[in-house]
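Counted from 1, the sequence shown has number 134 at position 123 by our numbering; the numbering is strictly sequential.
Report on the structure given below.
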Amino acid sequence: MKRCRVIVRGGGDIATGVAHKLKRCGMEVVVLESEKPTSIRRKVSFSEAVYKKESLVEGIKGVLVSSSKEAIEESKDNKIPVLIDPDGRSIKELKPHVVVDAIIAKKNLGTNINMAPLVIALGPGFTAGKDCHVVVETMRGHDLGRLIYGGEALANTGNPGSIGGYSVERVIHSPADGLLKTLKNIGDIVSKGETIAIVGETNVKSQISGVLRGILPEGIIIKKGLKMADVDPRNNQVKNCYTISDKARCIGGAVVEAIMAEFSVWKNS
């Protein structure tokens, strides 16, 4: 598996957990991202390299590259190249063994089963055997990380997972269209009702007290209703802002399992 090349579509926190684990397992990994990523947990997202040229996550560096050729060269080191290519046009040039759709858009944004010998998709919006070879369950609970070879993942409930007894309250959506100005940084302790950002001329307030686990980068234009921040009610868990989550690690492990099950030299021995 040392020379196995994997394309990960998306560079958010879940996609980063997948890419990180694949890289740790010795695979060549390339992340494809959009021109303006909207990852909330930016401290653990390789998508941040789009804005800052580099993004270090638990010892592995994501680096922005400008071409497929550069991506191939960078993927051979202890780095994960991040290429702006939301449509996946570079996939034919990169010739991956595996494509992983980790955009987590709750719908298929263009991934198809012919993109690579093995195509894996995370979460709802895909049908195994039609859009991809394998779907990975992303819903928290008993089946999180389960590999689905026929059918779909559980439907999106629209409600984020509960942390410390809070679910929808901990996620903040933009109250207006406009330019984002952040007043608080990831890792800051915030209070219920405290203004953490301004969108246009509208104040954005936290609905609960806790740690600001994620927020979109300052200076981007956002739309009303877009998920823009996440507050963890556990004040003593600041360190979690800077490490890959349990969910991302579990899903990453499931992707490794799917790849090994397909390509392992021991499979038929």
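Backbone N, C-alpha and C define an ideal beta-carbon position, used for all residues, glycine too.
On a predicted model such as this, the values are computed, not experimentally measured, just so you know.
Under 6 Å Cβ to Cβ from residue i, same chain only, skipping five residues before and after it: list those, please.
i	result
Q218	E180
R245	G175
N89	none
Where does residue i fall in DSSP's three states?
i	result
I102	helix
E81	helix
D199	coil
R20	strand
I262	helix
L43	strand
Y253	helix
L33	helix
Y62	helix
T138	coil
A116	coil
K216	strand
I209	strand
A164	coil
I95	strand
R224	strand
S280	Residue confidence for S280 is low, a pLDDT of 45 falling below 50, so the modelled location carries little weight and cannot support an answer.
K54	helix
T27	helix
Give every residue of the same chain whose Cβ lies closer than 7 Å to the Cβ of residue i, excluding the five residues on either side of it in the sequence, and list them in chain order.
i	result
D98	G121
K192	A208, I209, E229
S77	none
Sort the options by Cα distance to residue i and report the nearest one.
i	options	result
I131	M150, V109, A259, N119	V109
V68	G156, A30, G161	A30
F103	I71, H144, R16	Note on residue identity: the sequence assigns Lys, not Phe, to residue 103. That would be R16, whose Cα lies nearest to the Cα of K103.
Y62	P48, V266, T213, E148	P48
G21	G37, S58, M38	S58
H184	R35, I51, D24	I51
P26	G236, I197, E44, C36	For the sequence presented, residue 26 should be read as Ala rather than Pro. Of the candidates G236, I197, E44, C36, the one whose C-alpha sits nearest the C-alpha of A26 is E44.
D188	P171, S77, I233	I233
S256	E39, R53, V19, E81	R53
K238	V215, I200, E46	V215
P107	K90, V19, S275	V19
V242	E212, G236, G211, I200	I200
I83	R14, K141, N119, I71	R14
Would you please state the rounded distance, in angstroms, between the beta carbons of residue i and residue j? I believe it to be under 8 Å.
i	j	result
E65	V74	5 Å
I262	T149	6 Å
A269	L158	5 Å
E39	K117	At roughly 29 Å, the Cβ-Cβ gap does not stay under 8 Å, so E39 and K117 are not in contact.
Cutting at 8 Å between CB atoms, please list the residues of its own chain near residue i, excluding the five before and the five after it.
i	result
K32	R260, G263, G264, V266, V267
L2	Summary: the structure shown does not reach residue 2, with the chain confined to residues 12 through 280, and so no result is reported for it.
G172	R151, S178, K258
I'd like to know whether the C-beta of residue i is nearer than 7 Å to at least one C-beta of chain C.
i	result
R14	Of the protein chains in the structure, only one exists, and it is not chain C.
Cβ pair count under 8 Å reaching 3, the stretch 247-259 against the stretch 111-130: No, they do not touch.
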